[in-house]
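Asks:
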Ligand code: UD1
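In our numbering, the protein residues as written are 32 to 434.
#1: Please determine whether the Cβ atom of residue 282 lies at a distance below 7 angstroms from any heavy atom of the ligand UD1.
#2: I'd like to know if the stretch 320–329 and the stretch 246–261 are in contact, where contact means that at least 3 CB-CB pairs between them fall below 8 angstroms.
#3: Measure the CB-CB distance between residue 267 and residue 396 and report whether it falls below 8 angstroms.
#4: Under the criterion of a Cβ to heavy atom distance below 7 angstroms, does residue 123 qualify as lining the ligand UD1?
#5: Taking 8 angstroms as the cut-off, does the stretch 313–325 touch the stretch 155–164 (at least 3 CB pairs, one atom from each stretch)?
#6: Leaving out five residues on either side along the sequence, give the residues of the same chain with a beta carbon under 6 angstroms from the beta carbon of residue 3.
#7: Regarding residue 330 and the ligand UD1, is the C-beta to nearest heavy atom distance less than 7 angstroms?
#8: Does DSSP classify residue 418 as helix, strand or coil?
#9: Tell me whether residue 241 is buried or exposed, calling it buried when 16 or more other Cβ atoms sit within 10 Å of its Cβ.
#10: Take every Cβ of the stretch 262–280, pair it with every Cβ of the stretch 196–215, and state whether three or more of those distances are shorter than 8 angstroms.
#11: Looking at the secondary structure, which residues open and close the beta strand (DSSP E) in which residue 160 lies?
#12: Name the DSSP bridge partner or partners of residue 305?
#13: Does the pairing of the stretch 290–306 with the stretch 215–235 give three or more beta-carbon distances under 8 angstroms?
#14: What did DSSP end up calling residue 124 once you bin it into helix, strand or coil?
#15: Shorter than 7 angstroms, the distance from the beta carbon of residue 354 to the closest heavy atom of the ligand UD1, or not?
#16: Does the ligand UD1 have a heavy atom nearer than 7 angstroms to the CB of residue 175?
#17: Which of helix, strand or coil does DSSP assign to residue 32?
#18: Within the same chain, show all residues whose beta-carbon is closer than 6 angstroms to that of residue 383, passing over the 5 residues directly before and after it, in chain order.
#19: Looking at the secondary structure, which residues open and close the beta strand (DSSP E) in which residue 340 lies?
#20: Tell me whether residue 84 is buried or exposed, calling it buried when 16 or more other Cβ atoms sit within 10 Å of its Cβ.
#21: Count the other CB atoms, across all protein chains shown, that sit within 10 Å of the CB of residue 156; report buried if there are 16 or more and exposed otherwise.
#22: Who pairs with residue 182 in a beta bridge, going by DSSP?
#23: Residues in the same chain with beta-carbon distance under 7 angstroms from residue 225, minus the five sequence neighbours each way, listed in chain order, please.
#24: In the structure shown, what three-state DSSP assignment does residue 361 receive?
#25: Using alpha carbons as the reference points, say which of 201, 272, 89, 292 lies closest to residue 283.
#26: Whose CA, out of 41, 235, 263, 301, lies closest to the CA of residue 343?
#27: Report yes if the CB atom of residue 139 is closer than 8 angstroms to the CB atom of residue 61, and no otherwise.
#28: Closer than 8 angstroms, CB to CB, is residue 340 near chain B or not?
#29: List the whole-angstrom C-beta distance separating residue 136 from residue 152, where the pair is believed to meet the contact cut-off of C-beta under 8 angstroms.
#30: Compute the distance between the beta-carbons of residue 68 and residue 59, then report whether it is under 8 angstroms.
#31: Would a C-beta distance cut-off of 8 angstroms place residue 182 and residue 146 closer than the cut-off?
#32: Based on the DSSP output, what are the partners of residue 245 in its beta bridges?
#33: From residue 336 to residue 293, what does the alpha carbon distance come to, in whole angstroms?
#34: Using alpha carbons as the reference points, say which of 350, 201, 366 lies closest to residue 271.
#35: Please confirm whether any heavy atom of the ligand UD1 lies closer than 7 angstroms to the CB of residue 142.
#36: Select from 169, 133, 164, 106 the residue whose C-alpha is nearest the C-alpha of residue 144.
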């Protein structure tokens, strides 16, 4: 695998990397990577925003808060069905790849922009690096699961956050020497901004008792698209709100569904507000007594913060948050949600941070890339002689020098 055609970047000839982001959680992930790349003379990042998210609070304000410069390019694809959105990103991204001739395209997470850009890069024979590779919910009804599986099938470099991801990739035939356990870039961002966020006094500004409120986020189609299911969840939250005030910053797609279903008015205790900026939301997360969510990233953030998290889903692609973190899967059954909420409010948190979720994940990723990138080739899928037993073949980058 190694050697032939590998290009080690230098100051004079830096590695040309397109870094892609499209939707809200992507920005928190690319921020530390872009920052790290800009500090290295061997790296020449080009930041492409696909425009999948375009509302200020989900996009422009967020970039400002995270301190990342404006994107070098915005493809302005906007909303649409999955096929429309994915196709628009692909059509707009292909000429960018042609014009920029990157030596690597780096994608993060599992949104439609991730898979669309990976597909374009692979067809242009440009190597793909996937940050947050290998996560699997094993539920193909989730659009994100389809995006994860396809992106990993096309990727040449796999940067992973937890052991289960490495195992999934090995099982699917990824080459072990291409898997790098680097930690969690979303946590890099959280650790960088946590203290500043807490000093903003957000709970007090919103009239919430510090450490004595719950926080809610919901946006997944399976929870919000069916008015009956959404109504049941809202009823359960309203019940919990009789015990403790709940704040629900509402994602635009959820707001549209709530309004259409006549569920936009809530009784006291459960307060709906428009989606919040990153720093305000992080501040609220830090001091919450309990969090209700269907987001992937929030399961990880609560794990690091030691805040109990109840995930309104049947499965999670991030099992380490259940094994070591504060996360519990509670599904969508109202009685279960209420019971688990009251029990967790009673018992309180526990903290265990997974290995390498320490603020240095982006540094590890860029270290790997600085050692050189090989051209896209068919060697990225393990040949039978290279296939590894499931356990113990991928390595964390701290313990092994891959140079
Ligand atoms: C997307 C990601 C999801 C991620 C979430 C974070 C996919 C398949 N889904 O879901 O994994 O967790 O982002 O927020 O990529 N809308 C606006 N303003 C915007 C963007 C969207 O009002 O700036 C509304 C539109 O009505 C749009 C709907 O939200 O149709 C859905 O947006 P979309 O980007 O398709 O998916 P999300 O639900 O945001």
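We put the CB at the ideal spot given by N, CA and C, even for glycine.
The structure presented is a predicted model; accordingly, all values stated were derived computationally and were not measured.
Replies: So, from the listed chains and residues:
#1: yes
#2: yes
#3: no
#4: no
#5: no
#6: What is shown of the chain runs 32 to 434, which leaves residue 3 out entirely.
#7: no
#8: Low per-residue confidence applies at residue 418: pLDDT is 49, beneath 50, and the placement is therefore not dependable enough to give any value.
#9: exposed
#10: no
#11: 159–162
#12: 281
#13: no
#14: helix
#15: no
#16: yes
#17: Because residue 32 sits at a pLDDT of 37, beneath the cut-off of 50, its placement in the model cannot be relied upon, and the following sentence gives the value as read from the coordinates. Residue 32: coil per DSSP, three-state reduction.
#18: 355
#19: 340–342
#20: buried
#21: exposed
#22: BP columns for residue 182 are empty, so no partner.
#23: 313, 317
#24: coil
#25: 89
#26: 263
#27: yes
#28: Absent here is chain B; the protein component of the structure consists of one chain.
#29: 4 angstroms
#30: no
#31: yes
#32: 277, 321
#33: 35 angstroms
#34: 366
#35: yes
#36: 106
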